[in-house]
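Residue numbers (the numbering used here), protein chains in the order written: chain A, 1 to 651; chain B, 652 to 980; chain C, 981 to 1156.
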Amino acid sequence: MTVSGDTAQRALATWPDRSGPGLAPGDAYTLEQTWSDPPGIIGWFAAINHKTIAKRFMVTTFIFFLLGGLLALAIRLQLALPNGKVLGPDKYSQVFTMHGSTMMFLFAVPVMQAVATYLVPLMIGARSVAFPRMNAFAYWIFTMGGIMLYVAFFLDIGPDAGWFAYVPLSGPQYSPGKRVDFWAQMITYTELSALMEAIVLITTILKMRAPGMTLNRMPLFVWTILVTNFMVLFAMPAVMLASTALITDRLVGTHFYNPAEGGDALLWQHLFWFFGHPEVYLIFIPPLGFMSSIIATFSRRPVVGYPAMVLSVIATAFLAFGLWVHHMFATNLPELGKTFFTAASLMIAIPTSVQIFCWIATLWTGRINFKTPLLFVLAFFVILLLGGLTGLMLASVSLDYQLHDSYFVVAHLHYVLLGGAVFPLFGAFYYWFPKFTGRMLSERLGRWNFWLFFIGFNVAFFPMHVLGLQGMPRRVYTYPSEMGWDKLNLVATIGALTIALSMLLFIVNVLHSRRRGEIASSDPWGAGTLEWGVSSPPPMANFHVVPVVHGRYPLWQEAGTPRYVTGLANEWREVLITSVADAKVDHRLWLPSSTIWAFLSAVATTILFVGSIFTPWAVVWGAVPVAIAATLWFWPKHDIIERRVESELRP
Amino acid sequence: MNIGMTSLARPLQDALRPAGIQAEHIGGLWNLTLGLCALVFLLIVAACVAALWIAPRADAGTAPNLDSLARPERRIWRVIGWSTGLATVGLLVLLAADVFTSRALARMPLQDAVNIELVGHMWWWEARYRDADPSREFTTANELHIPAGRPVVVTLRSNDVIHSLWIPNLHGKKDLIPGRTATLRLRADRPGTYRGQCAEFCGIEHAMMALLVEAEPAAAYEAWAARQRRPAAEPADALARRGREVFLSRSCVMCHTVSGTSANAKLGPDLTHLASRRTIASGMFPNNRGHLVGWIADPQSLKPGVNMPPNALPPDDLQALLAYLETLK
Amino acid sequence: MKARELMPALCLLVLLFLFGCEREQRPTRAPAAASAVADPSYAASGKTPVSNRYEENAYAVSQGKTWYRAYNCNGCHAQGGGDIGPPLMDAKWRYGSDPGAIYASIAHGRPNGMPAFGEHVPEDQIWQLVAYVRSMSGQLSGSVAPNRGDNLQAAPPENRRKKETPTHEATPAAEH
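So, in structure tokens, the structure goes:
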């Protein structure tokens, strides 16, 4: 493979050759053609290569991030001054609901799955994800759900009951019309997409690792993705159940949330938060993987305490399911029960603190390369730390009585979500951008981006702690001038504008660097994991020869024997399936090629979902196109069957 | 005629200035937690800074240090172990502090408590003062008077959606959930005016659902309660009597109660003693003639989305109505 | 995808934003609900039927349902099944099922016990009530008619009711 740049030269000089035997040019060409996306407009919709889908997924979630950010700016402009007139109360309710829903459902969880679907196969030495067509379907379903929500918002049918839509406010009596129905159906879309991605990623990680990559040698990022997606399987059904019950209450008159007929308003809260609390860990755990990857590379050493790191992530995932009532401390649930959830909410800090100590130890005993990805990761140690500590304050029932539903919570949630997820995510973008595009992002712009974001973030959100303590509740569209909240609100708005400026710099950086950035070698950062062993951007088939792994950091450690696997076909999409724990070679699998039916099935499903907002009969009639599309998705082709049978025969 | 809000000291709405025992308990817990968390924050940030200071610099070409893959790093693991143990101890301290505070909150003495039933509406507060003797019960709205130093048991119910009562100077918040009854026990230990606000998003005018709590010495409270129990006084002059006719013949009577008249509707706040309140529109505007005119003529311009409709009254009728309302002390 | 290719989508979005969806708007100010609203004599003059724009606004119909309970219409009409007053959810109408006739019933009253609410209930609230009353017999589309209320249910929610075909019922003789 071709390599260029100073770094690479030094790399070649000091490290053993990693490039392996490679393929003959004719074979390499055939292999690339096999794994490429079809051309043309139809081909654009039919593409299923995991990197293509993942890049689209990342761009789409980033667009939703920007839209959510614009909504946040609208909120801050309205609240900058007392008795603001920027947004009326009805529009404000829609704007803050859309902001929360966009960030939580359309950005934070999907972006992690998007990055994972790009990187996981590369990190584990696989040529693809398992179920590539379902991976594509999950992307299209997600995108159509997001578009549906925004079209509704632009038509003044945007949801206006908050991103967690408590009943009875979001119920049929107090939210007339279809606004909340669009929100509830958007949940159906995004949770379906997340569940499918979870199935794809878990299967990929457990069954498609390169030979020799035992679970004990898997990169920490891959562990976080595995754990996150198991959590998805258990958390998403709760919210789908809750939102479906809400839809039927609103559409056909069921009584799940009607106290007068035996339902319960708190049922919604329990179901929603049983999902909602693990959800924030779905957002938080993959960035823990980013942190480990980036800290290892930029400290020039493996992360301290691999088993402790893995067990911490698993413990966090289990504990995350036992915390949900801390969102309900202000209700009339029994006090003793609530205290149990205080204990659990405090205890979940233990595995996180183990991880923080391990990372600090890694930095302490390493040799630091101060580049932009590391800067974003270091922000975690200030911002997430502060957010986690305010979380301990909120975990206590008595203290939560004062802090709940005030601006203190707004400050806390932004500190943990941005500090724990968005800052590491930006670090990940700067770190893996060369791998995605073949070009480096500008270091100079990156530093400006980072410092504006860091300073702007703290200026925007720290004052909100004080505002909450001074009695400012959440979700107010304005406040009287005599409350004394005006100065801090103005400061917060200035911070928000600074964040917007930093985002602008990021976009400029990306657009500029895509065309004119420094060309990246396969391993510009000198990292140790498998994705840096292939060119930047990677070949369509990821690995022309599948490596055999002998350690946790294959590019840093001595290559063992055997070094690689030969014998996979170049003419069709063949992958190697290995065993779950020890990644012993098991069999070859023929993956399906590009198809338009993943996209068309998503269109058919959209018709079903949107129709069922208006009439329950849509579930019946809408199932017909879905069934047709799904059948054609799987329809076997005669010549492919013949070639598969032939390929199984001994030559 | 009551003085408008801005002429008096601004009512307090601040969790950091406790004026009652419950808020003080929580304030104590806050101080402990803040101290502990600030200490932990400084320690960890210092460790991070130290790590970055101590570690030598490198670049992408520096060979990685793989010693840890060959030999276990027991000293580091010991440090991490001890730090985690310390963190666990800190968390247990916080847990214990919370348990003790919860017990203290639950053990507030309740002898001779004032019982108030607060019903949340979109977007105002209905308050019914309960008494062992039913003839001493009365209803008011949006402004509570309580005796300083006596416990108050507030029973919380909701007429429509979930609201939340939060008077930060006196106590934390409790949700008003339809279909459920909650209780908040508080006590103001110092006379003063404390402002509370709804703290659970309840629709378009959630931001404008405040209430005032006036903590008074016992005698002043009893005098206030005695006035509240009386029905509306018979208006003294003809203008006020004409105002009463306007009240009863237009749309006011469809939604409001004035004891002593035939107006007995429960959709909007009880107006029997409107003139004794400092604010209108659920704690949002001073109760003076200017704001009252604006509120009656077009409430949508002050609080858009509220259930009260505009009332286009001829000027004479409006003046008469205002004169009548001012007699409702 | 180039910016040029995104232009049609952007234009569509801007158009959507500008026009919005009337059905879902939350008007806090009363628009002219119908033609000739301010003239109380229109019903007597037998002019062309009045159309009620609130029948296309889900929020307005829901407000109508709120006033129905708040002003105690169910004291005489129950939840639509009728008691002292005639049923409102069936196909029989004594004075006509068009919005103008219902407005006249509410605002000016009718013989045999229907009070005149015109002085007490503001005009646009009466139009909201008119829209709600028509939804009780299924005359409004399922997207506009109210869903179930958070109370004991006496009948299916209005948006699930079969649309009744209005027929004329003879007016009973006025009682003394």
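Note that beta-carbon positions come from the ideal geometry of N, C-alpha and C, so glycine has one too.
On a Cα-Cα basis, can you pick out the residue from A:S536, A:L632, A:P82, A:S101 that is closest to G276 (chain A)?
Here residue 276 (chain A) refers to the residue found at position 276 when the first sequence is read from its first residue. Per the Cα distances, A:S101.
Quick test of your reading: V416 (chain A) and A210 (chain A), contact by CB under 8 Å. State the CB separation rounded to the nearest angstrom.
Sequence index remark: in the first sequence, residue 416 (chain A) carries index 416 (1-based). Sequence index remark: in the first sequence, residue 210 (chain A) carries index 210 (1-based). Not quite, the Cβ-Cβ distance comes to about 35 Å (not below 8 Å), so this is no contact.
How close, in whole Å, do the beta carbons of Y430 (chain A) and T372 (chain A) come, if the pair is a contact with beta carbons under 8 Å?
Within the first sequence, numbered from 1, the residue matching residue 430 (chain A) stands at position 430. Within the first sequence, numbered from 1, the residue matching residue 372 (chain A) stands at position 372. The pair is a contact, with the Cβ atoms about 5 Å apart (cut-off 8 Å).
Per DSSP, P654 (chain A) forms a beta bridge with which residues?
The requested residue 654 (chain A) is not part of the displayed model; chain A covers only 1 to 651.
Give the secondary structure of F614 (chain A) by DSSP, where H, G and I count as helix, E and B as strand, and everything else as coil.
Start at 1 with the first residue of the first sequence, and residue 614 (chain A) comes out as number 614. The answer is helix: DSSP assigns F614 (chain A) an H, G or I state.
First and last residue of the beta strand (DSSP E) that includes E768 (chain B)?
Numbered from its first residue, the second sequence carries residue 768 (chain B) at position 117. Unbroken beta strand (DSSP E) run through E768 (chain B): 765-772.
Is there at least one Cβ from chain A nearer than 8 Å to N716 (chain B)'s Cβ?
Locating residue 716 (chain B) in the second sequence gives position 65, where the first residue counts as 1. True, the Cβ-Cβ gap to chain A drops below 8 Å.
What residues in the stretch 591-610 of chain A have a beta carbon less than 9 Å from any beta carbon of chain C?
Result list empty, no residue passes.
Kindly say whether V624 (chain A), judged by its beta-carbon, lies nearer than 8 Å to any beta-carbon of chain C.
Indexing the first sequence from 1 puts residue 624 (chain A) at position 624. So, not an interface residue.
Please report whether the beta-carbon of R726 (chain B) lies at a distance below 8 Å from any beta-carbon of chain C.
Sequence index remark: in the second sequence, residue 726 (chain B) carries index 75 (1-based). Closer than 8 Å: no.
According to DSSP, is C358 (chain A) helix, strand or coil?
Along the first sequence, read from residue 1 onward, the residue named residue 358 (chain A) stands at position 358. Three-state result, C358 (chain A): helix.
Buried or exposed, going by whether 16 or more other CB atoms sit within 10 Å of the CB of A1018 (chain C)?
Locating residue 1018 (chain C) in the third sequence gives position 38, where the first residue counts as 1. Caution is warranted here: a pLDDT of 42 is assigned to A1018 (chain C), below 50, making its placement in the model unreliable, and the coordinate value is therefore given only provisionally. Looking at its Cβ environment, which holds fewer than 16 other Cβ atoms inside 10 Å, A1018 (chain C) is exposed.
Tell me, please, which residues DSSP counts as bridged to E574 (chain A).
The residue you call residue 574 (chain A) lines up with position 574 of the first sequence. According to DSSP, which records beta bridges pairwise, E574 (chain A) is partnered with A:W590.
Report the residue from A:G471, A:L490, A:I640 whose alpha carbon sits nearest the alpha carbon of V459 (chain A).
For the purposes of this step, residue 459 (chain A) is taken as residue 459 along the first sequence, with counting starting at 1. Ranking A:G471, A:L490, A:I640 by Cα distance to V459 (chain A) puts A:L490 first.
For a quick check, are the C-beta atoms of V957 (chain B) and W774 (chain B) less than 8 Å apart?
Here residue 957 (chain B) refers to the residue found at position 306 of the second sequence. Here residue 774 (chain B) refers to the residue found at position 123 of the second sequence. Contact: yes.
Reducing DSSP to helix, strand and coil, say where A792 (chain B) ends up.
In the second sequence, residue 792 (chain B) corresponds to position 141, counting from 1. Strand.
Counting C-beta neighbours from all protein chains within 10 Å, is the total for H412 (chain A) 16 or more, i.e. buried, or is it exposed?
Within the first sequence, numbered from 1, the residue matching residue 412 (chain A) stands at position 412. Result: buried.
Taking Cβ positions, are F298 (chain A) and I356 (chain A) nearer each other than 8 Å?
Counting from one through the first sequence, the residue named residue 298 (chain A) turns up at place 298. Counting from one through the first sequence, the residue named residue 356 (chain A) turns up at place 356. In this structure, I356 (chain A) does not lie closer than 8 Å to F298 (chain A) by Cβ.
Return the CA-CA distance between L591 (chain A) and E32 (chain A), expressed in angstroms with no decimal places.
The residue given as residue 591 (chain A) occupies position 591 in the first sequence. The residue given as residue 32 (chain A) occupies position 32 in the first sequence. L591 (chain A) and E32 (chain A): Cα-Cα distance of roughly 15 Å.
Specify the secondary structure class of Q848 (chain B) as computed by DSSP and reduced to three states.
By 1-based counting over the second sequence, the position of residue 848 (chain B) is 197. In the structure shown, Q848 (chain B) sits in a strand (DSSP, three-state: E or B).
Using DSSP with H/G/I as helix, E/B as strand and the rest coil, what is G1044 (chain C)?
In the third sequence, residue 1044 (chain C) corresponds to position 64, counting from 1. Correct three-state label for G1044 (chain C): helix.
Judging by CA-CA distance, which residue of A:R76, A:R552, A:V565, A:V575 is the nearest neighbour of A721 (chain B)?
Here residue 721 (chain B) is taken as the residue at index 70 of the second sequence, counted from 1. The residue with the shortest Cα to Cα distance from A721 (chain B) is A:R552.
Counting contacts by CB-CB distance shorter than 8 Å, is N83 (chain A) in contact with chain C?
Mapped onto the first sequence, residue 83 (chain A) falls at position 83. Chain C contact via Cβ: absent.
Taking only beta-carbon positions, decide if F381 (chain A) is within less than 8 Å of chain B.
Residue 381 (chain A) sits at position 381 when you count from the first residue of the first sequence. Yes, because at least one Cβ of chain B sits closer than 8 Å to the Cβ of F381 (chain A).
Between A1023 (chain C) and chain A, is any beta-carbon pair separated by less than 8 Å?
Looking up residue 1023 (chain C) in the third sequence gives position 43. Note that A1023 (chain C) scores a pLDDT of 44, beneath 50, so its modelled location is shaky; the value from the coordinates is reported in the next line. For A1023 (chain C), the answer is no, since every Cβ of chain A falls outside 8 Å of its Cβ.
Just to confirm, is the Cβ distance from S1123 (chain C) to E1138 (chain C) under 8 Å?
Looking up residue 1123 (chain C) in the third sequence gives position 143. Looking up residue 1138 (chain C) in the third sequence gives position 158. No, Cβ-Cβ distance for S1123 (chain C) and E1138 (chain C) is not below 8 Å.
Considering only the alpha carbon of each residue, which of A:S594, A:A630, A:A598, A:E571 lies closest to R644 (chain A)?
One-based indexing of the first sequence puts residue 644 (chain A) at position 644. For the residues A:S594, A:A630, A:A598, A:E571, the minimum Cα distance to R644 (chain A) belongs to A:E571.
Consult DSSP for M347 (chain A) and reduce its assignment to one of helix, strand or coil.
Mapped onto the first sequence, residue 347 (chain A) falls at position 347. M347 (chain A) falls in the helix class under three-state DSSP.
Cβ closer than 7 Å: which chain C residues qualify as neighbours of V904 (chain B)?
Taking the second sequence and counting its residues from 1, the one referred to as residue 904 (chain B) is at position 253. Correct list: H1100.
When you compare only the Cα positions, how much space is there between I640 (chain A) and S594 (chain A)?
Taking the first residue of the first sequence as position 1, residue 640 (chain A) is located at position 640. Taking the first residue of the first sequence as position 1, residue 594 (chain A) is located at position 594. Spanning the two alpha carbons is a distance of roughly 13 Å.
Based on Cα-Cα distance, which residue from A:N135, A:R217, A:L81, A:L73 lies nearest to V580 (chain A)?
By 1-based counting over the first sequence, the position of residue 580 (chain A) is 580. Checked all of A:N135, A:R217, A:L81, A:L73; the closest Cα to V580 (chain A) is A:R217.
Take L742 (chain B) and list the residues in its own chain whose beta-carbon comes closer than 7 Å to its own, dropping the five residues that flank it on each side.
Reading the second sequence from its first residue, position 91 is the one you call residue 742 (chain B). Excluding residues within five positions, none has a Cβ falling inside 7 Å.
Measure from the alpha carbon of D90 (chain A) to the alpha carbon of each residue in A:T190, A:V476, A:S353, A:F137, then state which is nearest.
For the purposes of this step, residue 90 (chain A) is taken as residue 90 along the first sequence, with counting starting at 1. Per the Cα distances, A:V476.
Report yes or no: is there a C-beta of chain C within less than 8 Å of the C-beta of P168 (chain A)?
Taking the first sequence and counting its residues from 1, one reaches residue 168 (chain A) at position 168. Closer than 8 Å: yes.
With C-beta atoms as the reference, is L746 (chain B) less than 8 Å away from T342 (chain A)?
Along the second sequence, read from residue 1 onward, the residue named residue 746 (chain B) stands at position 95. Along the first sequence, read from residue 1 onward, the residue named residue 342 (chain A) stands at position 342. Yes. Within cutoff.
Listed in chain order, which residues of the stretch 1124-1140 of chain C have Cβ atoms closer than 7 Å to some Cβ of chain A?
Residues passing the 7 Å Cβ filter: P1126, N1127, R1128, G1129, D1130, N1131, L1132, Q1133, P1136, P1137, R1140.
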